[in-house]
Amino acid sequence: MGTPPWAPVIFSPFFFSFFFFAAGFLVGSSAGGEAFSPVDSYRIACGSPQKLTVHGQEFLPDTERSSFSLKSSGDGALSAAAAAAASLPSPIYQSLRFFPEPASYRFEIRRQGRHWVRLYFSPIAGAGSGHDLTAASITVVAGDFVLLQGFVFRGSGASFVAKEYSLNLTAGELVLTFLPSNGSVSFVNGIEVVSAPDELIADEAAALPAAAAVAGLSELSLETVFRLNVGGPPVTPENDTLGRTWESDEGYLHVNSSAARVAVDPAAIRYPEGGGLTTETAPRWVYATADAMSDANVTGSNFNITWVFAVDPGFRYVARLHFCDIVSKSMNNLVFNVYVNADLAIPSLDLSALKGALAVPYYRDFGGGELTVSVGPDPMADLSNAILNGLEVMKISNGAGSLGGAASARELLPEEAPQRRRRALIVAAAAGCSAALALAALCGGCCVLLRRRSRRAGGRPTPGCLSRSTAAAGCTPTARARPPPRRRRGRAGAAPPRRAARRWPPPPRAAASSPSRRSATPPRGSTRRCCSGWAASASGEPRSEQGLAEFHTEIQMLSKLRHRHLVSLIGYCDENREMILVYEYMANGPLRSHLYGAGLPPLPWRRRLEICIGAARGLHYLHTGAAQSIIHRDVKTTNILLDEDLVAKVADFGLSKAGPAIDQTHVSTAVKGSFGYLDPEYFRRQQLTEKSDVLCTRPALNPGLPREQANIAEWAMTWQKRGQLVQIMDQALAGKVNPASLRKYGETAEKCLAEHGVDRPSMGDVLWNLEYALQLEETSAAAAADDPGGDSTNHIAALPHLLDDPPAPPAGVVAAAAAAAPPARTTRRRHQRRLLPAGQPPRQVTGRLRRLGDL
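When the letters of the sequence shown are read in order and numbered with mature numbering (1 follows the signal peptide of the UniProt record, and there is no 0), they come out as residues -24 to -1, 1 to 831.
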């Protein structure tokens, strides 16, 4: 059976050009719903002696002034020579009207509200004006808005320019004023003033993490700077119900090879019923084409599709992103992230889940400054792909109501001298009164404040910084420093969210990563370095390629999780290419230091069991307690941290992955983790399950050990199967361990190290066995306390080493293997009372570091 003629395909530019025109005959104007009919519609060919038809629309010469008027002095008209006209892209550029003095067009507005204003410019070379039009400085004012200020063709490299504006007109007429400057002239080739749907521009755009939300858009003037048909050819006004032009995105791709074009039959696009999104939002042609990842569905894909736009940094912008899932064959397959200016704008976007079907359009508006837009795979998704169908970038008018400079319309328009003097006097008087009132209020406030202070017996101590690292860096004080409260010791349970603190600026990098403050908490990974205070922080390495993805993953994970045995994320900061995570302070560092490190007292057997149980509870919560199961993928003793009470907490979620759905047995994904700790089944088949967290081995610290001891887990299992695990036990525990407890512990570790995942216990089963081993140890200790003169027959006596050379491994070989072995799935009912519902994800705060309660 062959491929359907309109199935999603990846094609060459030549084939796509054919596809576009063939589809045009098939669909034509088959957009859903009644087309928008503009009440006001003015199209003028300035300086033209006759009517023009441009893209199916009729432009009248400006000498026919029945519906509008022109007020000018000394204006003139020019037409391009035949040779020059042939090089111009449209007939609208073949004639113009120039103005040596200020001139204005007046249009009657029968329906107030949102209107398109389009201006066309092209300097026609030739005699007639007496001026070099390429050096003409053009300023255009529309009512209270400045559209252009001092625009000059010379040096711009362009031979023609089309400007499109969206204005909210509230008066009965629109006056377009053209102002020459610098002794030159002003000119215009064509003008359009056309009604637009009011609902086309929402009143508010979503905020990026580094910018405030943009509100009141419906009242502001906008300029369309870029409008792209992503993945397709230009869409001309004939194929857009609002007469818009959509250009191709090929010139804006950062890396052309990162994107592959995809298309479907435009008739397959289904606009949602009930309004809200229609063909006026964007035509079918835009939603029927897209750019998808060229390496789609490749495991381990780390590349995004990025579009780069050069914008004026003195203005704010709104970016409208158009999406339509035309690549998926079933629901919930396409999940991806959207980035604007390298900030995560939309995490885990699932178009089919939002709209309830495939091939249904969707768009989002974002406000901000300079612009780069990227789409890339969600590290939590099963398949790696991302798409974008269309993109619009609109400039927002500044506080002066200008889109072209700092001056307002009132400052630019000519005005009579008496009116100007009268207005200046009024403004000066109002400013003087306001200043006097402000000064009086300030003096009164100071007097009240000084009086209150004089009545105090003693002042409060000066506030300090929230953490030691910020105090050393000289931060601005915002709250009194205090150590974290000691937490009550308990067995298990989800911890309540920490109380919110005030905002404080991030410390300089020199203070945040000072060698004197670096510690092993939180764990040092390949992409981070650590420092500590009352809160521990980890800063990302700028040179690490995977650091940004792991940074976002860890924030997303930890912001949804709260548990006594999971490290709590207090806040984070992302500024000036720095990535800083702030955790609760873990005073006793990683478990690895207590098992293999020198200079620390050995942990008793009971404490080691409690640490293993704590780690098992944390991992069991990840597997069964969250809304969706989470697989850690990097369980090792370095990532099990101990607080001041030696309570174990699982840390480092940078490699975590969402677990399989209910109807799935595994997650297919690229292999990630630490060498020596990987599940061999996951490594071979790239199929990740919760059982991958259960198995965790570790290579020997000393590479010079004999071959049979190179893998500590396999070596320990050799002694376990002989029933002589005690022979390689930490000698610091000799004579202090109940044999039954050690035997149960060894049996549990042996089951966790099964070659195949189906043979391994769940995390709840591991937890149950560890708790049983602890119970056996406690029973033995109680019996010894009741019979202090006994012969300690329930304890393991000190035994000499039976191995020749080299001796047994460092302290805690077996404890390390079990600490790394994750817990299993106990009956959910048994542990459900200890779980806390996931919290809300934090908002990213650039330049300000907060606790999660503030985000």
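C-beta: ideal position from N, C-alpha, C; glycine also.
query: Can you tell me the Cα-Cα spacing of P353 and N361, whole angstroms?
result: Position 377 of the sequence shown, counting from 1, holds the residue named residue 353. Position 385 of the sequence shown, counting from 1, holds the residue named residue 361. Cα to Cα, P353 sits roughly 5 Å from N361.
query: Can you give the Cα-Cα distance for residue 913 and A692, rounded to whole angstroms?
result: In the structure as shown, the chain begins at -24 and stops at 831. Residue 913 is therefore absent and cannot be evaluated.
Run of the alpha helix (DSSP H) containing L28, from where it starts to where it stops: The residue labelled residue 28 in the question sits at position 52 within the sequence shown. Segment L28 to V30 is the beta strand (DSSP E) holding L28; no alpha helix (DSSP H) there.
- request: Identify, in the order they occur along the chain, each residue of the same chain with its Cβ nearer than 8 Å to the Cβ of R583, setting aside the five sequence neighbours on each side.
  value: Position 607 of the sequence shown holds residue 583. If we look at R583 and ignore the five residues flanking it on each side, its Cβ neighbours are L622.
message: As an exercise, report each continuous beta strand (DSSP E) stretch of at least 3 residues that is fully enclosed by the region 87 to 148, in chain order.
response: 89 to 97, 114 to 118, 121 to 127 and 137 to 145
- prompt: Looking only at C-alpha atoms, which of F12, K712, E40 and F136 sits nearest to A61?
  reply: For the purposes of this step, residue 61 is taken as residue 85 along the sequence shown, with counting starting at 1. Considering only alpha carbons, the answer is F136.
field: Residues sharing a beta bridge with L729, DSSP
entry: The residue you call residue 729 lines up with position 753 of the sequence shown. In the DSSP output, where bridge partners are listed per residue, L729 has none listed.
Residue ranges of each alpha helix (DSSP H) within the region 252 to 285, 4 or longer: 260 to 263
query: Less than 8 Å separating the beta-carbons of S197 and L143?
result: Here residue 197 is taken as the residue at index 221 of the sequence shown, counted from 1. Here residue 143 is taken as the residue at index 167 of the sequence shown, counted from 1. Yes, the Cβ-Cβ distance between S197 and L143 is below 8 Å.
message: If you reduce the DSSP assignment to three classes, tell me which class V670 lands in.
response: What you label residue 670 is simply residue 694 of the sequence shown in a count that begins at 1. Here V670 sits in helix by DSSP.
- request: Could you check what DSSP says for D550 in three-state terms: helix, strand or coil?
  value: Position 574 of the sequence shown holds residue 550. Of the three classes helix, strand and coil, the one that applies to D550 here is strand, per DSSP.
- prompt: The alpha helix (DSSP H) with R582 in it runs from where to where?
  reply: Reading the sequence shown from its first residue, position 606 is the one you call residue 582. Note, R582: alpha helix (DSSP H), W581 to H596.
- prompt: First and last residue of the beta strand (DSSP E) that includes R203?
  reply: Reading the sequence shown from its first residue, position 227 is the one you call residue 203. Where R203 is concerned, the enclosing beta strand (DSSP E) stretches over L198 to N205.
message: For G290 and L379, what's the separation of their Cα atoms in angstroms?
response: Translated into the one-based positions of the sequence shown, residue 290 becomes position 314. Translated into the one-based positions of the sequence shown, residue 379 becomes position 403. Each residue's alpha carbon lies about 10 Å from the other.
task: Report the option in H91, A385, F659 and V262 whose CA atom is closest to the CA atom of R609.
output: Along the sequence shown, one-based indexing puts residue 609 at 633. Among H91, A385, F659 and V262, the Cα nearest to that of R609 belongs to F659.
message: Taking DSSP's pairing of strands, which residues face K625 in a bridge?
response: On the sequence shown, position 649 is the one that residue 625 refers to. In DSSP, K625 forms a bridge with L617.
query: Roughly how far, in whole angstroms, is the beta-carbon of L701 from the beta-carbon of L718, given that I think they are within contact range, below 8 Å?
result: Here residue 701 refers to the residue found at position 725 when the sequence shown is read from its first residue. Here residue 718 refers to the residue found at position 742 when the sequence shown is read from its first residue. The pair is a contact, with the Cβ atoms about 6 Å apart (cut-off 8 Å).
task: Helix, strand or coil for S328, going by three-state DSSP, please let me know.
output: Numbered from 1 along the sequence shown, position 352 holds the residue referred to as residue 328. DSSP places S328 in helix when its eight states are reduced to three.
message: Can you look up P715 in the DSSP assignment and give me helix, strand or coil?
response: The residue you call residue 715 lines up with position 739 of the sequence shown. It is helical.
- request: Put Y293 into one of helix, strand or coil per three-state DSSP.
  value: Working through the sequence shown from its first residue, we reach residue 293 at position 317. Three-state DSSP puts Y293 in a strand.
- prompt: Anyone know if the C-beta pair for L320 and E586 falls short of 8 Å?
  reply: Residue 320 sits at position 344 when you count from the first residue of the sequence shown. Residue 586 sits at position 610 when you count from the first residue of the sequence shown. No, the pair does not count as a contact, with Cβ atoms beyond the cut-off.
task: Give the secondary structure of T153 by DSSP, where H, G and I count as helix, E and B as strand, and everything else as coil.
output: Taking the sequence shown and counting its residues from 1, the one referred to as residue 153 is at position 177. The answer is strand: DSSP assigns T153 an E or B state.
query: Where do the ends of the beta strand (DSSP E) carrying Y81 lie?
result: Position 105 of the sequence shown holds residue 81. First-last of the beta strand (DSSP E) with Y81: A79 to E84.
- prompt: For A60, which three-state DSSP category applies?
  reply: Residue numbering aside, residue 60 sits at position 84 when the sequence shown is read from its first letter. Helix.
- prompt: Can you name, in chain order, every residue of its own chain whose Cβ lies under 7 Å from the Cβ of V314, other than the five neighbours on each side?
  reply: As a working note, residue 314 is residue 338 in the sequence shown. The residues are L297, A321, I322, L325 and V351.
- prompt: To which residues of the same chain is Q125 closer than 6 Å at the C-beta, ignoring the five residues directly before and after it?
  reply: As a first step, residue 125 is located in the sequence shown; it is residue number 149 there, counting from the start. Excluding sequence neighbours, Q125 sits near T115, G380 and G381.
task: For Q604, count neighbouring C-beta atoms within 10 Å of its own C-beta (all shown protein chains included) and say buried if the count is 16 or more, exposed if not.
output: Counted from its first residue, the sequence shown places residue 604 at position 628. It is exposed - the Cβ of Q604 has fewer than 16 other Cβ atoms within 10 Å.
message: Would residue 835 and D619 qualify as a contact pair, given that the criterion is a beta-carbon distance under 8 Å?
response: Outside the modelled stretch of the chain, which goes from -24 to 831, sits residue 835, for which no answer is possible.
message: How far does the alpha helix (DSSP H) with R656 in it extend, from its first residue to its last?
response: Within the sequence shown, the letter at position 680 stands for residue 656. This sequence places Pro at residue 656; Arg is not what is there. Segment P656 to R661, the alpha helix (DSSP H) holding P656.
query: Mind checking P577: buried by the 16 CB within 10 Å criterion, or exposed?
result: By 1-based counting over the sequence shown, the position of residue 577 is 601. Result: exposed.
task: Would you list the one or two residues that DSSP bridges to Q33?
output: As a position in the sequence shown, residue 33 is number 57, starting the count at 1. BP columns for Q33 point to V30.
message: Please report the distance separating the alpha-carbon of P248 from that of V262.
response: Numbered from its first residue, the sequence shown carries residue 248 at position 272. Numbered from its first residue, the sequence shown carries residue 262 at position 286. The straight-line gap from Cα to Cα measures roughly 16 Å.
- request: Check whether the Cβ atoms of K667 and R593 lie closer than 8 Å to each other.
  value: As a working mapping, residue 667 is identified with position 691 in the sequence shown. As a working mapping, residue 593 is identified with position 617 in the sequence shown. For K667 and R593, no; Cβs fall outside 8 Å.
query: What are the residues that DSSP puts in a beta bridge with R540?
result: Taking the first residue of the sequence shown as 1, we reach residue 540 at position 564. None; R540 has no bridge partner.
- prompt: Measuring CB to CB, does G649 end up less than 8 Å from L631?
  reply: Taking the first residue of the sequence shown as position 1, residue 649 is located at position 673. Taking the first residue of the sequence shown as position 1, residue 631 is located at position 655. Yes, Cβ-Cβ distance for G649 and L631 is below 8 Å.
field: Whole-Å CB distance - M739 paired with L595, under 8 Å assumed
entry: Within the sequence shown, numbered from 1, the residue matching residue 739 stands at position 763. Within the sequence shown, numbered from 1, the residue matching residue 595 stands at position 619. With a Cβ gap of about 5 Å, M739 and L595 count as contacting.
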